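To start, the structure itself, in structure tokens.
Numbering (the numbering used here), first residue to last: 1043 to 1520.
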């Protein structure tokens, strides 16, 4: 009778433990997330953001970004972390399943001049019932960690794609500004020759000749700085692609045309006038990763709380013992064991309670990090949108100024040749034009870079499935 009561009490305890409410990490994560503010513009009405770099009229830009996605070392590391997280998730899931094992032993024993050999093959099995739910919570946490790792890898790919595009545009801009300096240098060489002819004819002074030569050499002195910037830009692009610094110099050439965004910028401007849709911000992989981290910490909190409840496990072995191999199947050689155990932490000095409290603090940090990430994402998108509008207005104004300065220089050259103005006026007109042209290129570069930043801020790039399908070339020698 006492034995029956004990078994009944144990069964009731098992039922009670398995019926304890376990709030899923997903449900609790949704309740913990603060809302993202934004406009009600449907995300579906915006231009496709997938592989936004292909929306630029520049095949080289698209090729460089695609190559970086498979060769960049940071992306390769992030994808390796995904593989690690996947393996850990499978490890946690395996703990919920019964464990089986095979073994065998051979024992030789000598006593009183005789030798005895004992053969003992054995099959073992064990299963932790997970009545407390600790193993299930651990598996949920590992699954959320995997989701976070996948989103982080996607965020890394988006970041690298943006960095490659920004570096490419900056390189093209430096090439364009160097070309402007070279063109101005050639024009000033013609001006110097003209001034020398006029001085020989007595129509200009030696001072005019020296001023022309001074201006020429000052312009020539700008070329090395641009050459350095161009070379460093080529090096930066190569490293982003996972290549040696000088690997791209022959491939890139000296094309100084800035990538043209076509209709993408006009479409974005029209559809984002009211602000950035919250739906687009939610698809940003860094926010997805932060949200998955909350789920992981919630699951770990469940596991900490489950560790305070009793848990049960079953184990057993089935083996044979015989003196010879032929006798293993005979009667009396079978040895079987079955065991059940319970682990119930009755008193631990407050250890598990402190672990729960510490995990609650970690969860609070994850929630705050998520909220900070949402605010930063909203600021990033709105700042990029405002910067694109500002740089577009600046580029338009500088374009008008360059047109006026070009006309002014043509008039100044004509009037100088006619002897109606002094050389200083012509020199100022040349310098002004070069300065405005350089500023205009800078504004055009900034306009395109702000558009790239806007695409990044809106979560544009590769989907997680597309990233997973890409090959990884970073670890190979290329």
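The beta-carbon is built from N, C-alpha and C at its ideal position, and this holds for glycine as well.
None of these values were measured; they are calculated from a predicted model.
Helix, strand or coil for residue i, going by three-state DSSP, please let me know.
i            : result
residue 1354 : strand
residue 1388 : coil
residue 1514 : coil
residue 1378 : strand
residue 1142 : strand
residue 1326 : coil
residue 1505 : coil
residue 1462 : coil
residue 1299 : coil
residue 1079 : Unreliable placement is indicated for residue 1079, whose pLDDT of 44 sits below 50; the coordinate value is still reported in the next sentence. Residue 1079: coil per DSSP, three-state reduction.
residue 1103 : helix
residue 1071 : With a pLDDT of only 41 at residue 1071, under the threshold of 50, the placement of this residue in the model should not be trusted, and no figure is reported.
residue 1245 : coil
residue 1111 : helix
residue 1500 : coil
Could you spell out the range, first to last residue, of the alpha helix (DSSP H) harbouring residue i?
i            : result
residue 1294 : 1291 to 1294
residue 984  : Because the chain in this structure spans residues 1043 to 1520, residue 984 falls outside the shown range and cannot be described.
residue 1249 : 1248 to 1262
residue 1455 : 1393 to 1459
residue 1305 : That residue, residue 1305, is in no alpha helix (DSSP H); it is neither H nor E in DSSP.
residue 1096 : Unbroken run through residue 1096: none, as it is neither H nor E.
residue 1286 : That residue, residue 1286, is in no alpha helix (DSSP H); it is neither H nor E in DSSP.
residue 1130 : 1115 to 1136
Rank the options by C-alpha distance to the C-alpha of residue i and give the top, closest one.
i            : options                : result
residue 1296 : 1286, 1280, 1278, 1272 : 1272
residue 1256 : 1473, 1504, 1446, 1498 : 1473
residue 1217 : 1262, 1229, 1351, 1276 : 1276
residue 1114 : 1346, 1285, 1354       : 1285
residue 1481 : 1495, 1500, 1381, 1434 : 1434
residue 1092 : 1515, 1471, 1501, 1514 : 1501
residue 1142 : 1129, 1151, 1167, 1130 : 1167
residue 1176 : 1494, 1385, 1381       : 1385
residue 1126 : 1169, 1189, 1137, 1097 : 1189
residue 1138 : 1429, 1353, 1235, 1191 : 1353
residue 1229 : 1258, 1252, 1269       : 1258
residue 1416 : 1260, 1333, 1340, 1164 : 1333
residue 1350 : 1388, 1427, 1301       : 1388
residue 1405 : 1486, 1340, 1096, 1496 : 1340
residue 1455 : 1260, 1236, 1253       : 1236
Buried or exposed: which applies to residue i, given that a residue is buried once 16 or more other Cβ atoms fall within 10 Å of its Cβ?
i            : result
residue 1172 : buried
residue 1330 : buried
residue 1507 : exposed
residue 1344 : buried
residue 1109 : buried
residue 1328 : buried
residue 1338 : buried
residue 1412 : buried
residue 1069 : Its pLDDT being 43, under 50, residue 1069 is placed unreliably by the model, and the measurement read from it follows with that caveat. Classification for residue 1069: exposed.
residue 1478 : buried
residue 1233 : buried
residue 1206 : buried
residue 1209 : buried
residue 1288 : exposed
residue 1181 : buried
residue 1239 : exposed
residue 1521 : Residue numbering for the chain in the displayed model covers 1043 to 1520; residue 1521 lies beyond these limits and cannot be assessed.
residue 1392 : exposed
residue 1129 : exposed
residue 1170 : buried
residue 1219 : buried
residue 1124 : buried
At what residues does the beta strand (DSSP E) containing residue i begin and finish?
i            : result
residue 1231 : Residue 1231 -> not in any beta strand (DSSP E); alpha helix (DSSP H) instead, spanning 1176 to 1242.
Could you check how far apart the C-beta atoms of residue i and residue j are, in whole angstroms? I think they sit under 8 Å.
i            : j            : result
residue 1222 : residue 1476 : 7 Å
residue 1245 : residue 1461 : 6 Å
residue 1121 : residue 1203 : About 15 Å; that fails the 8 Å criterion.
residue 1359 : residue 1379 : 5 Å
residue 1279 : residue 1213 : 7 Å
residue 1197 : residue 1131 : With 8 Å as the limit, residue 1197 and residue 1131 do not qualify as a contact, their Cβ atoms being about 20 Å apart.
residue 1111 : residue 1199 : 6 Å
residue 1250 : residue 1241 : 7 Å
residue 1398 : residue 1347 : 6 Å
residue 1099 : residue 1302 : 4 Å
residue 1323 : residue 1420 : 6 Å
residue 1161 : residue 1148 : 6 Å
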